[in-house]
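Colleague: Protein chains in written order, with my numbering: chain A, 1 to 256; chain B, 1001 to 1256.
Yeah, the Cβ is synthetic: ideal placement off N, Cα and C, and Gly gets one too.
Quantities reported herein were computed from a predicted structural model and do not represent experimental measurements.
After the structure tokens below, expect a handful of questions from me.
Protein chains: 2
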Amino acid sequence: MIPSESVYCQMKAPAPVTPTGLKKACSQCNLFELCLPFGISDSDIVRLDELVAAQRKVKRQQPLYRTGDPFEAIYAIRTGSFKSDVLLEDGREQVTGFQMTGEILGLDGIGTGLHSCNVIALEDSEVCVISYPKLEELARVIEGLQHQFHKVMSCEIVRDHSVMMLLGSMRAEERLAAFLLNMSQRFTARGFSPTEFHLRMTREEIGSYLGLKLETVSRAFSHFQEEGLIAVQQKHIRILDGEGLKKLVQHQAGTR
Amino acid sequence: MIPSESVYCQMKAPAPVTPTGLKKACSQCNLFELCLPFGISDSDIVRLDELVAAQRKVKRQQPLYRTGDPFEAIYAIRTGSFKSDVLLEDGREQVTGFQMTGEILGLDGIGTGLHSCNVIALEDSEVCVISYPKLEELARVIEGLQHQFHKVMSCEIVRDHSVMMLLGSMRAEERLAAFLLNMSQRFTARGFSPTEFHLRMTREEIGSYLGLKLETVSRAFSHFQEEGLIAVQQKHIRILDGEGLKKLVQHQAGTR
DNA sequence: TCACAAGGTTGATGTGAATCAATCCCCCTT
DNA sequence: AAGGGGGATTGATTCACATCAACCTTGTGA
């Protein structure tokens, strides 16, 4: 049984993010509890600093990488957010995920040596570039890094299974409710309000992710608002009745 | 762009499986090209034999593990096949995958230490039990094992993304066509006929995997048969026009 | 300040797949 | 060989979401 909010798997307790500035090293990074270095001992963590080959800025709407690009590194999000998607030859797009600070991008490339999806910045963003050969090397010696990396990949698999459940077995409003609860949980983990946040993606992108058309997403938002579950104003969301949303996810009031 | 058949990511050339019998060790196993030891040098491969703590038989319909079970090991399928699924509290089931010989099970457990899905044998089957702590340990020393393990996890992520595409963006007959092509490809990789095979799962399980009802699956099979694309007799499938199926996946004859 | 464009909302209508329901078929057991 | 049961097929009907279309809102740049 998976609770609705577990679409992304959480490995840590919430950690408020103090916006102290732009330290470069993992050992100084306020995101480390959400990121790859989590669980690594203090004595080892300084050795991680050599892991981050560079930081890279990606402008809104620009790709971090594209399908077919050679795989060389994975990326940890420092600031901003991204979407990943897969395209079919006839132009159909499937958004496979939205990623926030501390999350790891690029894992799709390891298997074949080529990236198998596109990753696009939803806003001006910055990532840490983690050389994959270097990561493999360090994972062999640093206690915990190997394990944490495996955890990150495993969590991605579990997350993907939850999305399959969502796409394969839930109706439109259940999907959107699960999506909102998931976003809420992830904002919370980053020290933001659980009940009030700003969505970085369009209705169309949400729809693509949830296997719905943008009109359906819009209607579901409106309906939730009528029911007093949320307050929507464009991309700004306020959750008024989180429990109500949770009930919606689980059985849609006993229907079906 | 992903071709339809890449729902499972293939890391190797087809390898005919000679049914020589039940050697226990990886170094002797005829599946190794499909499995975790792939890509590991001859000198190292004998060291893998200590990896497999035990073999375990699982009877048809019996679970290999269930949601919530503590994670201790991953499993490589020696004989038989499995399905994995996720259950919602109201009883809805989503099949997240079907697994065949050489494929790895249990990766969902690493992240949280608990398994997050059920894995059920579709027929009497046998798996190699790979102790996870042992795997981590050996991955640190054996050139290639670490990398191959990462590849396996990455391929699982890529596969999951293809399923999302399927569930989120394709119509019923496209989904079934993609499913059949994928099965065909995987049977081929195991030395079986690309055009004629026996499905181990029910229409309902196929439907759950594809986000469809069993009646819809049945109708789609019948329709493919009318169109001369396949010949179906219960679980026995013969592909008559693979190209036709591929065209179906990509644009449903230009529709939409 | 205005105008435009992109994104979002809302309504009317169409349709693909779900649902409900009635057999049918095959395999398994006795 | 007969009986039973799970799985599969097929048909009639319903319904959730897609599609088509009009309009609104907000942010942006001249």
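1. Answer with buried or exposed for B:D1085, where buried requires no fewer than 16 other C-beta atoms within 10 angstroms of its C-beta.
2. In angstroms with no decimal places, state the Cα-to-Cα distance between B:T1188 and B:S1081.
3. Residues of chain A with CB under 7 Å from B:R1219, in chain order?
4. Name the chain B residues that come within less than 7 Å of A:E156, Cβ to Cβ?
5. Within its chain, find whatever has a CB closer than 6 Å to the CB of A:L166; leave out the 5 residues flanking it on each side and keep chain order.
6. Tell whether a beta-carbon distance below 7 Å holds between A:M268 and A:L105.
7. A:R263 versus chain B: which residues are under 8 Å apart at the beta carbon?
8. Closer than 8 Å between beta carbons: that is the criterion. Which residues of the region 1097-1129 of chain B meet it against chain A?
9. Under the three-state reduction of DSSP, which class applies to A:G21: helix, strand or coil?
10. To which residues does DSSP link A:G111 through a beta bridge?
11. Give the residues of chain A in contact with B:K1246, contact being defined as C-beta atoms less than 7 Å apart.
12. Which residues in chain B have a C-beta closer than 8 Å to the C-beta of A:E136? List them in chain order.
13. In chain A, which residues lie less than 7 Å from B:L1167 when you measure between Cβ atoms?
14. Per the contact definition of three or more C-beta pairs closer than 8 Å, is the region 51-61 of chain A in contact with the region 157-165 of chain A?
15. Could you tell me whether the Cβ of A:H161 comes closer than 7 Å to any Cβ of chain B?
16. Indicate the three-state DSSP secondary structure (helix, strand or coil) for A:G244 in the structure shown.
17. Looking at the structure shown, is B:E1196 part of a helix, part of a strand, or coil, going by DSSP?
18. Using a C-beta cutoff of 7 Å, does B:Q1094 count as contacting chain A?
19. Between the Cα of B:T1101 and those of B:Q1148, B:T1067 and B:L1031, spot the shortest distance and give me the residue it belongs to.
20. For a contact defined as C-beta to C-beta under 7 Å, what are the partners of B:I1189 on chain A?
21. Considering Cα atoms alone, identify which of A:L245, A:S184, A:P37 and A:Q234 is closest to A:I310.
22. In the DSSP assignment, the beta strand (DSSP E) including B:P1063 goes from what residue to what residue?
23. Between B:Q1094 and the rest of its own chain, which residues show a CB-CB distance below 7 Å, the 5 nearest in sequence each way excluded?
24. At a threshold of 6 Å, does A:L87 count as lining the ligand MN (C-beta to nearest heavy atom)?
25. Exposed or buried, what is A:K59 when buried is set at 16 or more other beta-carbons lying within 10 Å of its beta-carbon?
26. Find the residues of chain A that neighbour B:M1153, judging by a C-beta separation of less than 9 Å, and give them in chain order.
27. For B:L1107, which residues from the same chain have a beta carbon less than 8 Å from its beta carbon, with the 5 sequence-adjacent residues on both sides left out?
28. Starting from the Cα of B:L1248, find the closest Cα among B:E1204, B:G1097, B:G1228 and B:K1235 and give me that residue.
29. Using the beta-carbon of each residue, which ones in chain B are nearer than 9 Å to A:R140?
30. Are the C-beta of A:V58 and some C-beta of chain B separated by less than 7 Å?
31. For A:G113, which residues from the same chain have a beta carbon less than 6 Å from its beta carbon, with the 5 sequence-adjacent residues on both sides left out?
32. From B:I1077, B:R1203, B:V1141 and B:I1237, pick the residue whose C-alpha is nearest to that of B:S1043; which is it?
33. Measure the CB-CB distance between B:E1204 and B:L1212 and report whether it falls below 7 Å.
34. Using 7 Å as the threshold, is the C-beta distance between B:G1144 and B:I1237 below it?
35. Mapping the DSSP letters down to three states, classify A:R256 as helix, strand or coil.
36. Going by beta carbon distance, what residues of the same chain come within less than 8 Å of B:A1231, once the five residues before and after it are set aside?
Modeller: Per the coordinate set shown:
1. buried
2. 15 Å
3. Within 7 Å Cβ-Cβ: nothing; B:R1219 doesn't reach chain A, min ~18 Å.
4. I1157
5. R175 and A178
6. No information on residue 268 of chain A is available, as it lies outside the stretch 1 to 256 that chain A covers here.
7. Within the shown structure, residues of chain A are numbered from 1 to 256, placing residue 263 of chain A beyond reach of any answer.
8. L1107, D1108, G1109, I1110, G1111, T1112, S1116 and C1117
9. Note that A:G21 scores 41 on pLDDT, short of 50, meaning its location in the model is unreliable and no value can be drawn from it.
10. According to DSSP, which records beta bridges pairwise, A:G111 is partnered with nothing at all.
11. The premise fails here: B:K1246 is roughly 11 Å from chain A at the closest Cβ pair, so nothing lies under 7 Å.
12. Q1146, H1147 and H1150
13. M164, L167, G168 and G211
14. no
15. yes
16. helix
17. strand
18. yes
19. B:L1031
20. Before going further, note that residue 1189 of chain B is Ala rather than Ile in the sequence given. What B:A1189 touches in chain A: nothing, since even the nearest Cβ is about 15 Å away.
21. Residue 310 of chain A is absent from the structure shown; chain A starts at 1 and stops at 256.
22. P1063 to Y1065
23. D1085, V1086 and S1208
24. The model depicted lacks the ligand MN and carries no ligand whatsoever.
25. exposed
26. L107, I110, G111, H150, M153, S154, E156 and I157
27. I1074, V1152, M1153 and E1156
28. B:G1228
29. A1139, R1140, V1141 and Q1146
30. no
31. F71
32. B:V1141
33. no
34. no
35. In this prediction, A:R256 has a pLDDT of 37, which is less than 50 and means its spatial position is unreliable; nothing more can be read from the coordinates.
36. Q1225, I1237, R1238 and L1240
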